[in-house]
């Protein structure tokens, strides 16, 4: 019969051993997890420009086709430039910016809070003789975060392609934003009207054909995934509007 002291000591030792094993495993796996997250991020950026890649191919292709990474503020000023494998302006590589944090800073600033200046990443790509601009986007869906990338032609108005993903949207409903069928709807849509006013791209419940939205500025919402679809529309507007001043200053 084991004494209470023996049982307590044994349990304490086992807890310490298990904690040490888990901590070691976490440390060992962390570089692989970070590498996978980085590869997935790069793949999402590339696929929005219709460049397919495996995880192994992603970074070499990114380095090959992304000619510049910019970090801009809402006024359209370029704060950081990463080019030819090195930072040539500013103190942060645009790829390393935490978009969630930058959007929070911008939201706080819009509410009159004293905060720093939000910076927004922009990727300039040259592929098959075409220049494109890729904008990362992030928002909140029904059950958690949603995100993606949108690639534009050299006019920074017409969509070349888009890629969206999510953490925990409902399978068969909101989770459909991650499918090719949904992202394909965005091709050739525009975010400015004929008067060059920013209108974004609406995700329309019941379909664009049954709304008063100009079809060039809208896509059909996912049947049964209304809340997530609306969240995608909000995400696009909230993120893309931060690039309008840059477009006005730099795109002819």
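Residue numbers (the working numbering): 53 to 304. Just so you know, even glycine gets a beta-carbon here, dropped at the ideal spot from N, CA and C. In this text, all values refer to a predicted model and were calculated from it rather than measured experimentally.
Pick from the options that is closest to residue i, judged by C-alpha positions
i           : options               : result
residue 108 : 92, 192 and 253       : 92
residue 221 : 199, 206, 236 and 203 : 199
residue 183 : 295, 210, 111 and 192 : 210
residue 115 : 127, 291 and 136      : 136
residue 151 : 164, 283 and 171      : 171
residue 202 : 175, 228, 113 and 130 : 175
residue 289 : 251, 154 and 207      : 251
Residue(s) in a DSSP beta bridge with residue i
i           : result
residue 138 : 135
residue 182 : 179
residue 38  : The displayed coordinates of the chain run from 53 to 304. Any statement about residue 38 would go beyond what the structure contains.
residue 210 : 242
residue 188 : 201
residue 174 : 122
Residue i and residue j closer than 7 angstroms at C-beta
i           : j           : result
residue 147 : residue 121 : yes
residue 187 : residue 287 : no
residue 242 : residue 268 : yes
residue 273 : residue 255 : yes
residue 226 : residue 277 : yes
residue 213 : residue 102 : yes
residue 149 : residue 173 : yes
residue 238 : residue 192 : no
residue 216 : residue 185 : no
residue 219 : residue 196 : yes
DSSP state of residue i mapped onto helix, strand, coil
i           : result
residue 201 : strand
residue 166 : coil
residue 55  : coil
residue 282 : helix
residue 231 : coil
residue 292 : helix
Beta carbon proximity, residue i to chain C, threshold 7 angstroms
i          : result
residue 64 : The structure shown contains no chain C, having only a single protein chain.
Scan the region 234 to 272 and note each continuous beta strand (DSSP E) run of 3 residues or more that stays entirely inside, going in chain order.
254 to 256 and 270 to 272
Continuous beta strand (DSSP E) assignments of at least 3 residues falling wholly in the region 89 to 158
Within the region 89 to 158, the complete beta strand (DSSP E) runs of at least 3 residues are 118 to 124, 130 to 135 and 138 to 141.
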